[in-house]
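*Asks:* The UniProt record's numbering applies: residue 1 is where the sequence shown begins, and numbers increase by one. Ideal Cβ placement from N, Cα and C applies to all residues, glycine included. Input: one structure, supplied below.
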Amino acid sequence: MVFPVFFIYFSKEILRAVPYVPILTTTAVWAIWFCAIANFYYENLLFFFAPTYLHAVLGFHVHDTGFTAALPPLSHFAIKIACGIASDKIRSIGDTAKVKIFNTVAYFGCAVCLFILAFFGDGRKMLCLVLLSLSAGFLGFTPGGFY
Numbered sequence: 001m002v003f004p005v006f007f008i009y010f011s012k013e014i015l016r017a018v019p020y021v022p023i024l025t026t027t028a029v030w031a032i033w034f035c036a037i038a039n040f041y042y043e044n045l046l047f048f049f050a051p052t053y054l055h056a057v058l059g060f061h062v063h064d065t066g067f068t069a070a071l072p073p074l075s076h077f078a079i080k081i082a083c084g085i086a087s088d089k090i091r092s093i094g095d096t097a098k099v100k101i102f103n104t105v106a107y108f109g110c111a112v113c114l115f116i117l118a119f120f121g122d123g124r125k126m127l128c129l130v131l132l133s134l135s136a137g138f139l140g141f142t143p144g145g146f147y
């Protein structure tokens, strides 16, 4: 039976020794959770609604939206792999500094791209697509931050 392997016996002393309240009241823990939820929220919005945005707002033809909607997730994936490897290779700074740097680049870069994107319409389709891809690409910096 494989299922009982997942039940691990802990003594009451071990369970009492875990500082749950200090962990849950730490601002760093809440910041990481907030960033993770924001990251997943944006990724889901992008993956689900990018074809609709590209067709309805930017005016791409329906047969072009499949490829163009794939560009932001592809940039996100490529940068995510590269940043994960880069974060592991960087040894000159501490882990806390790496988390702060990678998360700052990821979220501020994404926010700036989306802020600029809000001012352009269907007249600048390619610029909007580049900004959308860059915003997803910037979120690719998150593996160096907290994954």
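If the criterion is Cβ atoms closer than 8 Å, does the pair Ala56 and Pro72 meet it?
*Replies:* no
*Asks:* Under three-state DSSP, which class holds Ser135?
*Replies:* helix
*Asks:* Given this structure, state the Cα-to-Cα distance separating Leu134 from Tyr20, to the nearest angstrom.
*Replies:* Cα atoms of Leu134 and Tyr20: separation of roughly 38 Å, rounded to the nearest angstrom.
*Asks:* Have a look at Phe115 and Thr65 and give me their C-alpha separation to the nearest angstrom.
*Replies:* 22 Å
*Asks:* So the candidates are Asn39, Ile93, Val112 and Leu127; which of them puts its Cα closest to the Cα of Gly140?
*Replies:* Asn39
*Asks:* Roughly how many angstroms lie between the CA atoms of Val130 and Lys80, to the nearest whole one?
*Replies:* 17 Å
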